[in-house]
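Below: the structure, in structure tokens.
Numbering (our numbering), first residue to last: 1 to 186.
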């Protein structure tokens, strides 16, 4: 396992709620990358002070997905169904599952019907993991909304690992939207 310094993980530790609230503001912005076809790819990384198996459960189980993303029905196997209802409403297909490291599915939307989401969970230490979320094939007119949405959902992931539900916060998403807008226009 890689040696992980305390500084690298500090914003995402699992101490008291005041610490968790502060970590949301400190979470790094995701990366918005233009593709040659005029579409965009989003990439987010989060370091969490939780074991890979705990984080894997948070990103793949129906119970835990509902804590940070949307209520879910999932058949966790290739060609299985992934249905999200709530803040996110999609009927996707599971493309790849490699426990406890990789989960990939389609994110069909009328404006980006071929979009895919991939979540990779890498163990950094016995009780530390890195989550990398990538969404592909996004049109420019949606990329800021999607970036702000994922950022807001990922802010809730540390609590979801512990089984705590965090409601989606539109005001936080709006603040993230402004941050992403400023970086994209710079």
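For each residue, glycine too, the CB sits at the ideal point set by N, CA and C.
{"Asked": "Determine the DSSP secondary structure at residue 99, reduced to helix, strand or coil.", "Found": "coil"}
{"Asked": "Look at the alpha carbon of residue 180 and the alpha carbon of residue 36, and state the distance between them as a whole number of angstroms.", "Found": "21 Å"}
{"Asked": "So which of 123, 172 and 137 has the shortest CA-CA distance to residue 153?", "Found": "172"}
{"Asked": "Please confirm if the region 130–140 is in contact with the region 84–96, defined as three or more CB-CB distances below 8 Å between the two stretches.", "Found": "no"}
{"Asked": "Excluding the 5 residues preceding and the 5 following residue 46 in the sequence, name in chain order all residues of the same chain whose CB lies nearer than 6 Å to its CB.", "Found": "131 and 154"}
{"Asked": "When you compare each of 31, 57, 151 and 40 to residue 100 by their alpha carbons, which one comes out closest?", "Found": "57"}
{"Asked": "Out of 141, 90, 113 and 52, point me to the one whose CA is closest to residue 184's CA.", "Found": "141"}
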